[in-house]
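Worksheet for the structure shown next.
In the UniProt record's numbering, the protein residues as written are 1 to 129.
Next up, the structure:
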């Protein structure tokens, strides 16, 4: 499994721990996937897909594989018919959740103070141009 991480992440190009962190958790969907698993616990593929409606099935599959390769989540397959697969955070994934919580809190405060505050101050017009 560690070889997969080293093949996917160009370790030669990484100069510091910040870059390594971004290489592992960067992208549009990984933090959202980790957030749902950290906040709500073990999930099946379909449950994650419902909670992240804009992600394609292929992208969700790819992101879950990379998170598993990077040892942030574990994929548990049950020997039943129909197949049952569950995803949950590993200890490394759980250790990241407080950081995600801080990012959420920051984003909420930033949104309220900068984004939505300015939107609320904009005048509403009936001109549809």
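Each residue gets a CB set at the ideal place from its N, CA and C atoms; glycine is no exception.
These numbers come from a predicted model, not from an experiment.
The beta carbon of residue 49 sits closer than 8 Å to the beta carbons of 55, 57 and 60 from its chain, once the five residues preceding and following it are set aside; these are given in chain order.
Taken atom to atom, the span from the alpha-carbon of residue 117 to that of residue 103 is near 19 Å. Look at residue 52 here: in three-state DSSP terms it is coil, with no helix or strand label. As the crow flies, the alpha-carbon of residue 46 is around 37 Å from that of residue 15. Nearest in C-alpha terms to residue 36, of all of 109, 106, 93 and 107, is 93. Here DSSP, grouped into helix, strand and coil, assigns residue 99 to helix. The beta carbon of residue 34 is closer than 8 Å to those of 25, 67, 72, 73, 89, 93, 96, 97 and 100 in its chain, skipping five residues each way along the sequence. DSSP places residue 72 in the coil class of the three-state scheme, outside both helix and strand.
Counting along the chain, residue 40 sits inside the alpha helix (DSSP H) bounded by residues 30–40. Taking 8 Å as the cut-off, the beta carbon of residue 86 is found closer than this to the beta carbon of residue 42. The C-alpha of residue 20 lies about 18 Å from the C-alpha of residue 91. Within 10 angstroms of the beta-carbon of residue 39 lie fewer than 16 other beta-carbons, which makes it exposed. Approximately 23 Å separates the beta-carbon atoms of residue 106 and residue 63; this is outside 8 Å, ruling out the contact.
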